[in-house]
Amino acid sequence: MAKIDSELRELLISVTFLLFSFWIILKLTSGAVWDWNGWSVIEPQSYPPCEANRFLQFTCSTAWIGMIETIKIAILATFFGMILSLPMGLLSSRNLFPQYITYPSRALVSACRSLPSLIWAIIFVILVGLGPTAGIMAMTIYTVGYLGKMQYEAIEGMNSAPLEAANAMGLTKAEVSLWVVIPETANHLIAQMIFMFEYNVRSGTVIGIVGAGGIGYYINLYLKFLQYEKVGAYLFIIFMVVMLIDLVSIYLRSFFTDESENNKPTWKGVLFPKNYVKTTHLIEN
1 MAKIDSELRE LLISVTFLLF SFWIILKLTS GAVWDWNGWS VIEPQSYPPC
51 EANRFLQFTC STAWIGMIET IKIAILATFF GMILSLPMGL LSSRNLFPQY
101 ITYPSRALVS ACRSLPSLIW AIIFVILVGL GPTAGIMAMT IYTVGYLGKM
151 QYEAIEGMNS APLEAANAMG LTKAEVSLWV VIPETANHLI AQMIFMFEYN
201 VRSGTVIGIV GAGGIGYYIN LYLKFLQYEK VGAYLFIIFM VVMLIDLVSI
251 YLRSFFTDES ENNKPTWKGV LFPKNYVKTT HLIEN
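Heads up, the sequence shown is in this note's numbering, so the first residue is 1 and it goes up one at a time.
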């Protein structure tokens with residue numbers, strides 16, 4: 001009975017917070033979210049003609065196209081960032097390599113993380129031009145810095161017994177990394193990658209404002225035309241999509257972590273993510 005009361009209390013807190021968030025959005029957009037003219041962003045574009053089934057014509061809308069492009073940017077940035085950050089994380093681990101290797105590697109990881117993805121997006125828009133390519137490159141660089149730090153902290157925190165056994169067998173650094181370190185920390189690495197994808201989706205909604213692709217491009221466009229009702233509709237869509245991705249992310253990460261609060265995904269965990277606050281605090285310090 002106490003468990004049911006606790007779950008009802010958590011549900012009430014979550015619903016209250018959601019309603020409060022909707023109220024804030026309404027205030028910020030002067031009620032534009034509920035202006036039907038703003039919701040024309042989910043209607044198919046007049047050009048090019050939409051060839052989808054009439055029940056799927058929303059897939060030709062600017063909201064759908066922009067949000068899908070943002071998710072694609074986040075997927076590619078997370079994928080490339082994971083590939084590049086894993087070697088950097090290994091080289092930055094003091095329990096694997098000497099200081100003359102770990103210090104330069106950590107400096108490079110910190111340099112990638114020193115600028116937010118929005119600033120990297122501005123830099124790459126200048127270098128390669130407008131479009132999602134600049135967004136992918138910007139978020140990849142930041143992902144390398146963000147994931148690299150989390151990875152070498154996870155590697156340094158692993159049990160030392162497997163490393164000592166591998167060194168006693170005379171394995172090389174590459175063999176130790178490939179056959180001992182990565183399998184031992186695989187759950188942490190996968191959970192970090194899922195978390196980073198979730199972060200990149202949120203970040204990807206912003207970088208489009210500077211021309212790096214995604215739904216932010218349309219937000220910037222309608223802001224210039226003072227069509228705030230459409231901006232409000234985009235913000236509402238982003239809010240709901242990010243909340244859904246957060247919930248799915250918590251569920252997926254629960255398979256790779258042992259922490260009890262992640263075992264059962266809830267809206268409270270999305271709205272008040274304890275692990276996210278803790279991880280962000282550690283990274284910022």
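All C-beta atoms, glycine included, are put in the ideal place defined by N, C-alpha and C. Quick caveat, the model's predicted, so the values are computed rather than measured.
Exercise for review: Determine whether the Cβ of residue 64 lies closer than 9 Å to any Cβ atom of chain C.
Suggested key: Among the chains in the structure shown there is no chain C, since it carries only a single protein chain.
Review point. When the Cα atoms are used, what is the spatial distance from residue 141 to residue 195?
Key: 16 Å
Review point. So residue 77 packs on residue 200, CB below 8 Å; how close in whole Å?
Key: The pair is a contact, with the Cβ atoms about 5 Å apart (cut-off 8 Å).
Practice item. Please list, in chain order, all residues of the same chain as residue 190 whose beta carbon is under 7 Å from its beta carbon, the five residues on each side excluded. Key: 256
Check your understanding: residue 157 by DSSP, collapsed to three states: which one?
Key -> coil
**Study point:** Element boundaries [alpha helix (DSSP H), containing residue 249]
**Key:** Start and end: 228 to 253.
Practice item. Any chance you could list the beta strand (DSSP E) runs of at least 3 consecutive residues sitting entirely within the stretch 147 to 202, in chain order? Key: For secondary structure counted as the beta strand (DSSP E) over 3 or more consecutive residues, the stretch 147 to 202 holds no complete run.
Review point. In whole angstroms, what separates the C-alpha of residue 193 from that of residue 89?
Key: Here the alpha carbon of residue 193 sits roughly 13 Å from the alpha carbon of residue 89.
Check your understanding: In its own chain, which residues sit with a C-beta less than 6 Å from the C-beta of residue 130, not counting the 5 before and 5 after it?
Key -> 211
Check your understanding: What's the gap between the Cα of residue 221 and the Cα of residue 188?
Key -> 40 Å
Exercise for review: Could you round the C-beta distance between residue 124 and residue 111 to whole angstroms and report it? I think they count as a contact, below 8 Å.
Suggested key: Not quite, the Cβ-Cβ distance comes to about 15 Å (not below 8 Å), so this is no contact.
Check your understanding: DSSP on residue 117, reduced to helix/strand/coil?
Key -> helix
Check your understanding: Can you tell me whether DSSP reads residue 74 as helix, strand or coil?
Key -> In this structure, residue 74 counts as helix in the three-state DSSP scheme.
Practice item. Taking only the alpha-carbon atoms, compute the straight-line gap between residue 165 and residue 218 and give it to the nearest angstrom. Key: Straight across, the Cα-Cα distance linking residue 165 with residue 218 is about 56 Å.
Review point. Is the stretch 179 to 187 close to the stretch 237 to 248, with three or more CB pairs under 8 Å?
Key: no
Check your understanding: Should residue 178 and residue 96 be called a contact, given that it needs their Cβ atoms to be closer than 9 Å?
Key -> no
Review point. How many angstroms separate the CA atom of residue 61 from the CA atom of residue 215?
Key: 11 Å
Check your understanding: What do you get for residue 169, buried or exposed, if any count of 16 or more other CB atoms within 10 angstroms of its CB means buried?
Key -> exposed
Point to revise | First through last residue of the alpha helix (DSSP H) which encompasses residue 208 | key: Premise fails: residue 208 is in no alpha helix (DSSP H) and is neither H nor E.
Review point. Where residue 113 and residue 75 are concerned, what is the direct C-alpha to C-alpha distance, given to the nearest angstrom?
Key: 19 Å
Check your understanding: Over what stretch of residues does the alpha helix (DSSP H) that includes residue 317 continue unbroken?
Key -> With the chain represented from 1 up to 285, any question about residue 317 goes unanswered, as that position is not in the structure.
**Study point:** Among 249, 247, 71, 245, the one whose alpha carbon lies nearest that of residue 132
**Key:** 71
Check your understanding: Going along the chain, which residues of its own chain have a beta-carbon closer than 6 Å to the beta-carbon of residue 93, five neighbours each way excluded?
Key -> 152, 155, 156
Practice item. Rank 66, 118, 208, 198 by C-alpha distance to the C-alpha of residue 249 and give the top, closest one. Key: 198
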